[in-house]
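A quick write-up on the structure given underneath.
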Amino acid sequence: MSKILVTGGAGFIGSNFVRMLLLGSDHELVNVDALTYAGNLENLHDVEKHSRYAFVKADIADAARMQRVFAEHHPEVVVHFAAESHVDRSVLDASAFIRTNVVGTQVLLDAARAHKVQRFVHVSTDEVYGSLGAWGYFTEETPLQANSPYSASKAASDLLVRAAVHTHHMDCVVTRCSNNYGPFQFPEKLIPLMIANALEGKPLPVYGDGKNVRDWIYVLDHCDGIRRAMEDGKAGEVYNFGGDAERENMFVVREILRQLGKGEELIKFVKDRPGHDRRYAMDSSKARAVLGWRPHHTFEDGLRKTIDWYVSNQQWWERVRSGAYQAYYEQQYGRR
Ligand code: NAD
Ligand code: DAU
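Right under this line is the structure:
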């Protein structure tokens, strides 16, 4: 059993990871989350009273606070999810992305080093590799060519982790994953936004020609990969995870409408995202060979499960949508 400090555990992937470890291991977990617009403790309602779980509301970019949190909880392992995660928001204003994703990551590395943390797992993204043409895959050796303020901030954090390994001999592992979907995803991202809008009979805003390609992975397959990297990954190594499920955005949107029995007249083509990356596709062969990992959900299974979850949990996303999300929605889509 280890004592694991998880950052960003009230967000989408973090909350799925916390639940997976509480119910499927004997690790003790401390969840450090600032509860930004994307952090929602309702995501962990079913496990929040677990005897091996504690929550700390704190900002990872606050160095003095992080030193105190580490001194109080003595984590042996850090799994770092906390980030500003939405590309469109980074186009509107990058400042929070620099503060949390770049400064926050260095603050955590410093606290982890000072408190002799044994392993630091940094959760990163395929977006650091940039954009692909019609062919090929991102490998761990693909040069970093981030294109959005979000992905540039994540690439910066990846390099800070690399520097901690090289300079301070810290035991860090970096995971890079493709587009996640599943329960508890904030309805600003493509799949939950389209499901929620379709259920409410609102337009489904498709950027550009709708032919951009993402490699979709069910969130629990990603969490399984992070767990394996945490337990069996080698210090200083990067591991790619992808869903082997490349789909054009229009295919995803049409499939959601079909499964919900809604008509395609809801689709509305809107102005493209500035600098919109065309295609992502991951080569996960290293994680398969070294960590024994593979994704267990096909896109069809995962999407069906996800749609069922959003249909059965309408209260969850309605409450999310009635908060700060509305003001942001106006800013993002009102002008198109
Ligand atoms: P999310 O936006 O749903 O959750 C982010 C969480 O971080 C929230 O709970 C938020 O409150 C917290 N947070 C933000 N700023 C903070 C701060 N300064 N201090 C403490 N907590 C803070 O994000 P997500 O989609 O769950 O992504 C989690 C991680 O996985 C991110 O690092 C992201 O870059 C990475 N990732 C995401 C995807 C994806 O498809 N969503 C894919 C690959 C990698
Ligand atoms: O690839 C991993 C990344 O996936 C993560 O690192 C990010 O945190 C996560 O947000 C996600 O980034 P994307 O930009 O790929 O995801 P998003 O859901 O925002 O968009 C997916 C695709 O859908 C993209 O091509 C843009 C398009 N899109 C998105 C929205 C929100 C639309 O056409 N309309 C929309 O309203």
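Sequence positions in the sequence shown follow my numbering and run 1102 to 1437. Heads up, the beta-carbon is just placed ideally off N, CA and C, and yes, glycines get one too.
Taken from the Cβ of I1292, every heavy atom of ligand 1 lies 7 Å or farther away. Taken through DSSP and simplified to helix, strand or coil, S1152 comes out as coil. Under the three-state reduction of DSSP output, L1122 falls in the helix class.
In the displayed model, M1102 falls within coil according to three-state DSSP, outside both helix and strand. Between F1171 and G1112, the alpha-carbon positions lie close to 21 Å from each other. Nearest to H1267 by alpha-carbon distance, out of E1129, L1210, M1331, F1342, is L1210. About 7 Å separates the Cβ atoms of G1337 and C1273, confirming a contact at the 8 Å cut-off. For E1349 against G1311, the beta-carbon gap comes to about 7 Å, under 8 Å, which counts as contact.
Per DSSP, the beta bridge partners of L1130 are I1105, Y1154. If you draw a straight line from the Cα of I1368 to the Cα of G1403, it is about 22 Å long. Of all C-beta pairs linking the stretch 1228-1240 to the stretch 1283-1294, fewer than three are shorter than 8 Å, placing the two stretches out of contact. Separation of R1379 and F1221 (C-alpha to C-alpha, rounded to the nearest whole angstrom) is 32 Å. Leaving aside the five residues that flank E1332 on each side, none in its chain has a CB nearer than 8 Å to its CB.
For K1363, same chain residues with a beta-carbon under 6 Å away, outside a window of 5 residues either side, are A1299 in chain order. In the three-state DSSP reduction, R1315 falls in the strand class (E or B). Here K1369 carries a strand assignment [DSSP, helix/strand/coil]. Annotation: the continuous beta strand (DSSP E) that includes Y1282 extends over 1280-1282. For N1341, the pairing in a beta bridge is given by DSSP as R1277. Going by C-alpha positions, G1205 is about 32 Å away from Y1411. Using a C-beta cut-off of 8 Å, the stretch 1144-1159 makes no contact with the stretch 1255-1263, since fewer than three inter-stretch Cβ pairs fall below that distance. C-alpha of T1407 to C-alpha of F1400: approximately 10 Å in a straight line.
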